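Chains as they are written, first to last, in full-length UniProt numbering: chain A, 1 to 546; chain B, 1 to 243.
A short worksheet on the structure shown next.
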């Protein structure tokens, strides 16, 4: 129910946001302008009709009645000192001149006089034009005159020819207000109608929008969100204490990123949001969204990545390993407690945004010094830019700093056993494998280590000397594109093909396998291992976080 | 990480602002919907009344204008029209001038004073619905109900026992129906009051608190829009949280 309300509130607001903005802006305009400022009547003179005794009248009302015996009403009034009869018949209204009994006529001179009599502003007459109706006067489409005044408000006065009446005063503030009304009523016909389909729809949406908001607000009050002495949610607590917890929705229970594991005798019941965002198995295992529960002393909170931290790294050394791979050594003031095979997330500033790129540490754990191998991604073809992350990292100078978050990852060595440790790598996938190999080799009683490493050319075999000199590692480099000039005497072809051959003489059940390399190599190797019937749970791989 | 904490701050602001301004937003949408959904003609009560004007009875010997002006020299307008008086369509002169309004017999120029019985008869002729049932007729001289402009006093109030509790207001001098009110107009008046937030006179749209609430709602809306950017997702989330 509440999730539906949230969904409704969000999507309806997305649709409505523009119209609500228009309602608010036009409403604010109305509030600042006021009825009078929007009427167009700033310079409308309040007129007292002249006394009939002072009015030129030669035809009596009884005579007009004799001429129009079907009249419902015959009214005598003064127009600029001249008597005028308004005769209302069943189907029309007539205006007669009381001095002649003939149909009333308004010429431009009289219209100007009538207009000026209705005007109290500081301006003077500018021009007069004969018109038939006006866009500015809804419902008036008769013949008449438009009298323009030279004043600060651009006043124009409309006079009806048949009756000699002032129809309306209009001016610039009125035009602005008219637009505000169009926006407020969503009526662009100029009729200022607020009973039409468009505004019905918008009104209904707005009603749903605000009522769903009200219901959500009621829930927040019931939850105690407005109680200043309430306990913070676990998410707020974790954020306040600078602990690494992700959240993109900010505590609404809609992104599912703030997962934590709770430990305790009485775990809180999962909320609707948790039932939607977490699997039953996760809920059973004590996983909850930290935004959904309050700090409670009887429950212990475990973060998914305990040791994750944001660190500032300073470039200490830079070395070209191969034509395309650069080794970067960073120092960190803050100790980073990582395991071999794990990676850090680098924050790469790029234009307005910050991109993240994953790089595995290339040495056995050393809390103060971190080594990474970065493959420079040249532009694959003209017009396509080179890799953003690698270009940024490779252009760093000594003593430059960069922010990174970590460690992350579960590409770790297996627990103690007697199996042979087989490492299969390609290209920049060397980094985590080197860390794993170094760690294994420094163990008390290292297990047998076999390392196959694939590259295209001899020059791309990074750390070759290091591995060849190491007696504990059975190292086999494989080249896929060796040319005659290279005089390569070792294995050739794709690395997975060489491993396949080697596996034929091995007991697959006695191997722990670690694979890391570019995606095609990884895919081919995994397929080869599956075909060779190596148990899946003895294979670990790192896909570069792709 | 810092960015993610910011959305929490926006959410807190959104909640607190909604507590103050969101409630008025609800009132605005409810009152707005009311005004939008009921047709303005219906609110005005145009369906409740009909035109009762009729041609001046044939053979009326209307007194000449000069005579009328002699007796009522301060007139600004003079109209020959008709009134139903004691079941009879009578020709009358309606005068408007410095002395106020007056109704006189068009033949004899004798002033006509409208009694309650006249008002009842006229009101029932104006009333357009079936079977007019008058509940009460009140001559109002002071303390007008909020639905009536005090400038119109004194005036006759004719209340009907019908679905909309119709009230017709007739001029004491001319017998003309000046104002018509019914339940939905009264409802409109109340929602209009809540819409413009003038709880006393129901006309002032320039109060400082109205401006403050509009600006506050602006801010509420901005916090909501920021949250929208953080939370709205075009990806359909699979149940059980599997991505």
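All C-beta atoms in this analysis are idealised placements derived from N, C-alpha and C, irrespective of residue type, glycine included.
These figures come from a predicted structure and were not determined experimentally.
So which residues of chain A does residue i contact, with C-beta pairs closer than 9 Å?
{"i": "residue 218 of chain B", "result": "21, 24, 25, 28"}
{"i": "residue 37 of chain B", "result": "195, 200, 203, 204"}
{"i": "residue 64 of chain B", "result": "60, 61, 62, 63"}
Counting only Cβ pairs nearer than 9 Å, list the residues of chain B close to residue i.
{"i": "residue 391 of chain A", "result": "What residue 391 of chain A touches in chain B: nothing, since even the nearest Cβ is about 24 Å away."}
{"i": "residue 17 of chain A", "result": "221, 224, 225, 228"}
{"i": "residue 56 of chain A", "result": "Chain B residues near residue 56 of chain A: none, gap ~13 Å exceeds 9 Å."}
What residues from chain A crowd round residue i, counting only those whose CB sits closer than 8 Å?
{"i": "residue 201 of chain B", "result": "Chain A residues near residue 201 of chain B: none, gap ~12 Å exceeds 8 Å."}
{"i": "residue 246 of chain B", "result": "Chain B is shown only over 1 to 243; residue 246 of chain B falls outside these bounds and no answer can be derived."}
{"i": "residue 44 of chain B", "result": "Under the 8 Å cutoff, chain A gives no residues; its nearest Cβ is about 12 Å from residue 44 of chain B."}
{"i": "residue 8 of chain B", "result": "235, 236, 239, 247, 250, 251"}
{"i": "residue 135 of chain B", "result": "Result: empty, since nearest Cβ-Cβ is about 30 Å, beyond 8 Å."}
{"i": "residue 26 of chain B", "result": "210, 211, 213, 214"}
{"i": "residue 214 of chain B", "result": "24, 27, 28, 31"}
{"i": "residue 54 of chain B", "result": "72"}
Between which residues of its own chain and residue i is the CB-CB distance below 8 Å, once the five residues before and five after are set aside?
{"i": "residue 377 of chain A", "result": "386, 387, 390, 391"}
{"i": "residue 70 of chain A", "result": "89, 90"}
{"i": "residue 102 of chain A", "result": "96"}
{"i": "residue 438 of chain A", "result": "340, 363, 364"}
{"i": "residue 166 of chain B", "result": "45, 48, 127, 129, 159, 160, 180, 181, 182"}
{"i": "residue 53 of chain B", "result": "81, 82"}
{"i": "residue 494 of chain A", "result": "454, 478, 480, 521, 524"}
{"i": "residue 14 of chain B", "result": "220, 223, 224, 227"}
Note down, in chain order, each residue of its chain lying with its Cβ closer than 6 Å to the Cβ of residue i, except the 5 sequence neighbours on either side.
{"i": "residue 187 of chain A", "result": "193"}
{"i": "residue 462 of chain A", "result": "321, 322, 325, 430"}
{"i": "residue 371 of chain A", "result": "329, 362, 363"}
{"i": "residue 560 of chain A", "result": "Outside the shown range of chain A (1 to 546) lies residue 560 of chain A, about which nothing can therefore be said."}
{"i": "residue 516 of chain A", "result": "425, 429, 432, 433, 542"}
{"i": "residue 224 of chain A", "result": "230"}
{"i": "residue 405 of chain A", "result": "310, 345"}
{"i": "residue 293 of chain A", "result": "234, 268"}
{"i": "residue 24 of chain A", "result": "none"}
{"i": "residue 143 of chain A", "result": "132, 161"}
{"i": "residue 557 of chain A", "result": "Residue 557 of chain A is absent from the structure shown; chain A starts at 1 and stops at 546."}
Assign residue i to one of two classes, buried (16 or more other C-beta atoms within 10 Å of its C-beta) or exposed (fewer than that).
{"i": "residue 174 of chain B", "result": "buried"}
{"i": "residue 242 of chain B", "result": "For residue 242 of chain B, the predicted structure reports a pLDDT of 33, less than 50, and the residue's modelled location is therefore unreliable. A value from the coordinates is still provided. Residue 242 of chain B is exposed by the Cβ-count criterion."}
{"i": "residue 350 of chain A", "result": "exposed"}
{"i": "residue 14 of chain A", "result": "exposed"}
{"i": "residue 209 of chain B", "result": "exposed"}
{"i": "residue 3 of chain B", "result": "Only weak support is given to the placement of residue 3 of chain B: the predicted model assigns it a pLDDT of 38, under 50, and the value that follows is read from those uncertain coordinates. Counting Cβ neighbours within 10 Å, residue 3 of chain B comes out exposed, since fewer than 16 surround it."}
{"i": "residue 198 of chain A", "result": "exposed"}
{"i": "residue 72 of chain A", "result": "buried"}
{"i": "residue 234 of chain B", "result": "Annotation note: pLDDT 46 at residue 234 of chain B (below 50); position unreliable, no value reported."}
{"i": "residue 48 of chain A", "result": "exposed"}
{"i": "residue 491 of chain A", "result": "buried"}
When DSSP labels each residue in this structure, what does residue i get in the three-state scheme?
{"i": "residue 10 of chain A", "result": "helix"}
{"i": "residue 38 of chain B", "result": "coil"}
{"i": "residue 364 of chain A", "result": "coil"}
{"i": "residue 142 of chain A", "result": "coil"}
{"i": "residue 46 of chain B", "result": "helix"}
{"i": "residue 10 of chain B", "result": "helix"}
{"i": "residue 195 of chain B", "result": "helix"}
{"i": "residue 74 of chain B", "result": "coil"}
{"i": "residue 133 of chain A", "result": "coil"}
{"i": "residue 357 of chain A", "result": "strand"}
Strictly below 7 Å CB to CB, what residues from chain B border residue i?
{"i": "residue 226 of chain A", "result": "19"}
{"i": "residue 254 of chain A", "result": "231"}
{"i": "residue 13 of chain A", "result": "224, 228"}
{"i": "residue 207 of chain A", "result": "29, 30, 33"}
Can you name the residues of chain A whose CB is closer than 7 Å to the CB of residue i?
{"i": "residue 58 of chain B", "result": "69"}
Kindly list, in the order they appear in chain B, the residues whose Cβ is closer than 8 Å to that of residue i.
{"i": "residue 220 of chain A", "result": "15"}
{"i": "residue 357 of chain A", "result": "Neighbours of residue 357 of chain A on chain B: none; closest Cβ ~16 Å, over 8 Å."}
For residue i, I'd like the list of residues in its chain whose CB is within less than 7 Å of its CB, leaving aside the five on either flank, ordered along the chain.
{"i": "residue 11 of chain B", "result": "227"}
Residues in the segment 92-105 of chain A with C-beta within 8 Å of chain B's C-beta atoms, listed in sequence order?
-> Here the close residues number zero.
Contact set between the segment 282-300 of chain A and chain B, restricted to residues whose Cβ is under 8 Å from the partner = Per Cβ criterion, the list reads 282.
Would you list, in chain order, the members of the segment 71-91 of chain B that have their beta-carbon closer than 8 Å to a beta-carbon of chain A?
-> Going along the segment 71-91 of chain B in chain order, one finds 73, 74, 75, 76, 77, 78, 79, 80, 81, 82 with a Cβ nearer than 8 Å to chain A.
Between the segment 36-52 of chain A and chain B, which residues of the former have a C-beta closer than 8 Å to a C-beta of the latter?
-> Within the segment 36-52 of chain A, the residues whose Cβ lies closer than 8 Å to some Cβ of chain B are 48, 49, 50, 51, 52, listed in chain order.
Could you name the residues of the segment 73-84 of chain A whose beta carbon sits closer than 8 Å to any beta carbon of chain B, in the order they occur along the chain?
-> Cβ contacts with chain B: 73, 74, 75, 76, 77, 78.
The segment 111-125 of chain B: positions lying closer than 7 Å to chain A by Cβ | Here the close residues number zero.
When you check each C-beta in the segment 139-159 of chain B against every C-beta of chain A, which residues fall closer than 7 Å?
-> Those residues of the segment 139-159 of chain B that come within reach of chain A (Cβ to Cβ, closer than 7 Å) do not exist; the list is empty.
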